[in-house]
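Quick notes on the structure that follows.
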Amino acid sequence: MRILKTIAALRSWREEQRAQHKSVGLVPTMGALHAGHLSLVQAAVQGCSSIVVSIFVNPTQFGPGEDFERYPRTFEADNALLQAEAGRSYFKQIAIFAPSVAEIYPRGANTFVEVPEFDARLDGGSRPGHFRGVATVVAKLLIACGADRAYFGQKDAGQCALIRRMATDLLIPTEIVVCPIVREADGLAMSSRNRYLSAAERKQALVLGRALRGAQEMFGAGEHDAKKLREAAVKVFASEPAVRVDFVEIVEWSTLKPVARAESGTLCAVAAYVGKTRLIDNIIF
Ligand code: AMP
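In numbering that gives the first Met the number 0, the protein residues as written are 0 to 284.
In structure tokens:
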């Protein structure tokens with residue numbers, strides 16, 4: 000499996016694929032790979048001939064006091080998981096793009112991508128600068144890679160909406176593909192941050208899924224009033240007082256604007272602190 004460490008190496012790999020008339024799929028990640036990430040790789044294998052998985056812990060999307068320094072960096076294990084995936088994906092090529100910070104933000108780098116409409120919405124509201132960092136790094140990856148398609152998880156639904164807007168606005172022709180959330184057997188959405196949880200916190204974390212299912216059940220029973228659906232989810236959170244709610248929002252998925260009435264396709268997103276760990280989850284009604 001090819002490991003590309005520089006933009007120059009990524010570009011020349013991309014050119015090789017173009018010369019062979021191969022379609023390219025990009026899967027951006029911050030590493031510490033789990034089955035959620037691998038589901039994106041599998042979708043990319045289905046949809047493209049050659050796949051590049053980027054592994055880059057992007058400093059600009061972390062705020063002061065967040066977990067940038069201690070974010071798990073597990074390159075050897077990630078490499079082994081992708082090798083195994085490549086072994087199963089006959090006739091497809093999987094490469095890893097693992098750049099340094101200096102490669103993505105060259106000396107003096109001072110250009111950022113902002114989508115102001117999203118700044119105060121969902122994670123943008125509770126993590127100032129987060130969406131700016133995400134939009135910037137994903138724009139750089141999309142431009143540098145020139146992929147035909149790029150794969151993202153619905154797990155980060157706010158990020159998906161932001162990236163679609165950004166790619167459309169910047170005339171980036173890569174198709175943005177959003178893949179379903181992969182969960183543990185007990186319903187917890189897989190996340191690289193789950194490894195921060197103690198055994199007790201791991202149990203408490205299930206309240207995120209319970210809150211979402213509570214709202215979903217009410218919606219299924221015919222309740223469309225977003226305020227009532229939101230209150231139902233908040234009430235479920237109250238059953239786990241150790242968990243501190245960051246937000247419970249019912250929004251239009253494409254714009255992340257709050258809605259008064261939930262419809263099929265409306266996004267219900269939650270974020271909560273379990274101990275010091277901030278977890279997110281969502282459902283689409
Ligand atoms: P991250 O490494 O956390 O930045 O995530 C990289 C990509 O994997 C993002 O598009 C995430 O939405 C996606 N992802 C993370 N967790 C999951 C999951 N449980 N199911 C599906 N996709 C996921």
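Glycine included, each C-beta is placed from N, C-alpha and C at the ideal position.
Tell me which same chain residues have a C-beta within less than 8 Å of the C-beta of GLU102, skipping the five on either side of it? LYS4, THR5 and ILE6
If I measure Cβ to Cβ from ALA143 and keep anything under 8 Å in the same chain, skipping five residues before and after, which residues do I get? ILE6, LEU9 and ARG10
Proximal residues to ARG13 (C-beta, below 7 Å), its chain only, five neighbours per side dropped: VAL23, CYS144 and GLY145
Where the alpha helix (DSSP H) through VAL100 begins and ends: 100-103
Reduced DSSP category for CYS144 - H, G, I as helix; E, B as strand; rest coil: helix
Close Cβ partners of ALA232 (< 8 Å) along its chain, the five nearest in sequence each way excluded: ALA210, LEU211, GLY213, ALA214, VAL247, CYS267 and VAL269
Do you know offhand how far ALA34's Cα is from TYR150's? 14 Å
Can you tell me whether ASN281 is buried or exposed, with buried defined as 16 or more other CB within 10 angstroms of its CB? buried
Put PHE90 into one of helix, strand or coil per three-state DSSP. coil
Report all residues from its chain with a CB closer than 8 Å to the CB of ARG260; omit the five preceding and five following residues, and keep chain order. HIS223, ASP224 and ALA225
Nearest-angstrom Cα separation, counted from PRO115 out to ALA85: 39 Å
Distance, Cα to Cα, ALA271 vs GLN16? 42 Å
Which residue from SER38, LEU32 and GLN82 puts its Cα closest to that of MET0? GLN82
Short check: CB of CYS329 to CB of ALA42, under 8 Å? Because the chain in this structure spans residues 0 to 284, residue 329 falls outside the shown range and cannot be described.
Just to confirm my understanding: we take ARG229, look at its own chain, exclude 5 residues before and 5 after, and list those with CB closer than 6 Å. What are they? VAL247 and ILE249
Beta-carbon separation of VAL176 and GLN60 under 8 Å? no
Using the Cβ count rule (16 or more neighbours within 10 Å means buried), how would you classify MET119? Residue 119 is actually Ala in this sequence, not Met. Flag for ALA119 reads exposed.
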